[in-house]
Structures are given as C-alpha cells and as structure tokens.
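To get my numbering, take the position in the sequence shown, counting from 1, and add 882. For reference, the structure is listed below as structure tokens.
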Amino acid sequence: MTKKGERLSVKEAIIVEGRCDRDTLSRYVNAQIIETGGFQVFSHHEIIALIRKLAVKCGVIILTDSDGAGFLIRNHLKSMISEGTVKNAYIPDIPGKEKRKNRASKEGKLGVEGMSEETILNALKMAGATFEDKSPVDRENKKKLTKASLYEFGLSGRIESNIKRKRLLKLLELPEKMSVSDMLQVINLLYDYDEFKKLLFNSHILDTDRRNDADE
C-alpha cells in the first residue's frame, strides 16, 4: 500500500467500465483513466478509436468487473485493438455489494468500485503495469500542455473556443462531450507541446474563417 494521500503513477492508460470505478481508481493511482460507459462501448466508436490510439502511444490496461458483463466488455475491447500494448488486470471474486447500491449485482460480486487499495494495486502489478516515479505526462521531460496552452491556441476562454474544440475532438476522434480537463489529459498522452502545435496549424482547425461548421 502507498503512504496516506500518495498515489502511484502508472504509464499505461487504464480502461474501466464506469464513473464509480474511475473515482475509486483515481484515489489510488495517477493515470489516464478511460470509462467505457459499460455496454455503450459496443456502439461508441469514438471511445474505441481513443483506446486504440492510447494502446499504441502508451499502452492500455483493461480493468473491468469480474462478472459476466465485465468479461464481455473486456473481450470486446481486446478484439477491437490490433496494435500497441494491451494488458489485462483482474480483480478477485469477492461476494458483496457496494455501499451506494441497494442490492448486490446479479452475480453477487463486488465490482472494481468496491475493491480496496491493496486489491487494486495488486491487480495492476499482476497485469504488469509500469509504475513510475513521476506523472505519465512528464516522463519524457518534454514540454506539456496546460490550460494556459489551450487559451494560447484559442481552444478555451475565447469567443470561438467551443467551435475549435469541437473541430479538434472530431480530428482526434474523441467524444464531443469530453470535458476540457479530460481532453487535456488525453492530448498530453498523445502529443508533446511542439507536436500538438504542429498538428493544430497543419490541420487548420484554428482558422477563424471556418464559421459554418459549428454544427458539424
């Protein structure tokens, strides 16, 4: 276990089923955590595209529940990723229910959100997770993007920032509803500052004369 309040940094992006899984995991590790939205991943092509990119760039770890639904989602993800690094983390079968739920799941097992810190970290270690001494986005000592960078490029805090962000998310095949903070984390995994700047200007998504694509 880590010291109180200390989180271990993991190089790979970690794929979980839902928001509560993400909240639990984020208490114990510093990593990019991607939610599949449960069975929505079967039709959510943007999430699959993002996971494929991350598998190539930094590797991914699939951490789903240990019930039948969790294995269906895991197997679907594995079948959709043909390149890059995919690691599988498994939680044990522990009977019970999460505190927020009125009743146990169909199979009566705790999901990722109900796991202890020790159990989650052990699952990641068994999967071969790459633990680092510093944040994943800092590991190559390259200049990273910040919220100030987004303002600099006109992607936040400006009149047409929302339109430009939509263009960027479409270009990167990311979900349109992704928050600015989540978008920033993903970009820092895929690009350093100079690479991202080059991408922006080569793609012309910052051009101010493109006013008719707000509803794309």
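Using N, Cα and C, we set each Cβ at its ideal position, and we do this for glycine too.
If you draw a straight line from the alpha carbon of residue i to that of residue j, how long is it in whole angstroms?
{"i": "M1008", "j": "H926", "result": "29 angstroms"}
{"i": "I944", "j": "I916", "result": "10 angstroms"}
{"i": "E928", "j": "N912", "result": "24 angstroms"}
{"i": "P1057", "j": "V892", "result": "23 angstroms"}
{"i": "L1071", "j": "S1031", "result": "15 angstroms"}
{"i": "L1082", "j": "E1055", "result": "14 angstroms"}
{"i": "G952", "j": "G900", "result": "11 angstroms"}
{"i": "D1076", "j": "R1047", "result": "18 angstroms"}
{"i": "S961", "j": "I930", "result": "11 angstroms"}
Under 7 angstroms, do residue i and residue j count as touching if we go by C-beta distance?
{"i": "I955", "j": "T967", "result": "no"}
{"i": "A1005", "j": "I976", "result": "no"}
{"i": "V938", "j": "E965", "result": "yes"}
{"i": "L936", "j": "A895", "result": "yes"}
At what residues does the beta strand (DSSP E) containing residue i begin and finish?
{"i": "K981", "result": "Here K981 belongs to no beta strand (DSSP E), and DSSP marks it neither H nor E."}
{"i": "K1007", "result": "Here K1007 belongs to no beta strand (DSSP E); instead the alpha helix (DSSP H) covers E999 to M1008."}
{"i": "L1081", "result": "No beta strand (DSSP E) holds L1081; the alpha helix (DSSP H) holding it covers Y1075 to S1085."}
{"i": "S891", "result": "L890 to V892"}
{"i": "A895", "result": "A895 to V898"}
{"i": "V1139", "result": "In the structure displayed, the chain extends from 883 to 1098; residue 1139 sits before or after that span and is not available."}
{"i": "I944", "result": "V942 to I944"}
{"i": "V938", "result": "No beta strand (DSSP E) holds V938; the alpha helix (DSSP H) holding it covers H927 to K939."}
{"i": "E1034", "result": "Premise fails: E1034 lies in the alpha helix (DSSP H), K1029 to E1034, not in any beta strand (DSSP E)."}
{"i": "V968", "result": "V968 to N970"}
Considering residue i, what are the terminal residues of the alpha helix (DSSP H) in which it resides?
{"i": "K1052", "result": "S1043 to L1053"}
{"i": "V1062", "result": "V1062 to L1072"}
{"i": "Y955", "result": "With the sequence shown as reference, residue 955 is identified as Ile, and Tyr is not the correct amino acid for it. I955 -> alpha helix (DSSP H) spans G950 to M962."}
Identify, in the order they occur along the chain, each residue of the same chain with its Cβ nearer than 7 angstroms to the Cβ of residue i, setting aside the five sequence neighbours on each side.
{"i": "I1069", "result": "L1027 and F1078"}
{"i": "S1043", "result": "G1036 and L1037"}
{"i": "R889", "result": "Y910, V911 and N912"}
{"i": "I963", "result": "I933, R934 and A937"}
Between which residues of its own chain and residue i is the CB-CB distance below 6 angstroms, once the five residues before and five after are set aside?
{"i": "I1041", "result": "none"}
{"i": "R1049", "result": "I1087"}
{"i": "T906", "result": "E995"}
{"i": "K969", "result": "I943, A1009 and G1010"}
- Query: Would you call the region 980-1000 and the region 1024-1040 in contact, with 3 or more CB pairs under 8 angstroms?
  - Reply: Short answer: they don't touch.
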